[in-house]
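Next up, the structure:
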């Protein structure tokens with residue numbers, strides 16, 4: 080799966096780090112990605128993929144090249160806003176603040 084590794088390298092470059100830095104920041108053994116790149120390993124574990132996707136804020140589908148949408152919350156945004164247009168960062172931040180308000184309100188009632 081060279082495309083997967085290429086996506087990871089590309090995301091590292093965008094963030095200004097190298098793959099070794101990614102591994103250090105995520106607690107992933109560097110050998111896992113080295114073995115994957117060289118073909119000694121055919122896949123990455125679900126845990127490793129999850130750590131990488133969380134670190135970069137992208138979906139695992141994006142890492143695999145199944146979508147060009149980097150946004151990890153894309154499906155949730157489409158569900159909440161109906162997919163009728165762009166969801167700005169300000170709109171998304173407002174949704175998160177409202178969700179936090181509801182959570183705090185419910186925790187206060189217990």
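In our numbering, the protein residues as written are 80 to 189. The beta carbon of each residue, even a glycine, is placed where N, CA and C say it ideally should be.
Is the beta carbon of residue j closer than 8 Å to that of residue i?
i	j	result
residue 83	residue 143	yes
residue 123	residue 115	yes
residue 120	residue 111	yes
Could you pull the start and end residues of the alpha helix (DSSP H) that residue i belongs to?
i	result
residue 92	81-94
residue 182	168-187
residue 98	98-105
Please report the Cβ distance between residue i and residue j, rounded to the nearest whole angstrom; I am assuming they are in contact, meaning their Cβ atoms lie under 8 Å.
i	j	result
residue 159	residue 139	Rounded, the Cβ-Cβ distance is 21 Å, inconsistent with contact.
residue 130	residue 96	Wrong, their Cβ atoms sit about 14 Å apart, outside the cutoff.
Below 8 Å, how does it come out for the stretch 99-110 and the stretch 130-145: are there three or more Cβ pairs, yes or no? yes
Could you name each continuous alpha helix (DSSP H) segment of 4 residues or more that falls completely within the stretch 108-139, going from the start of the chain to the end? 109-117 and 125-135
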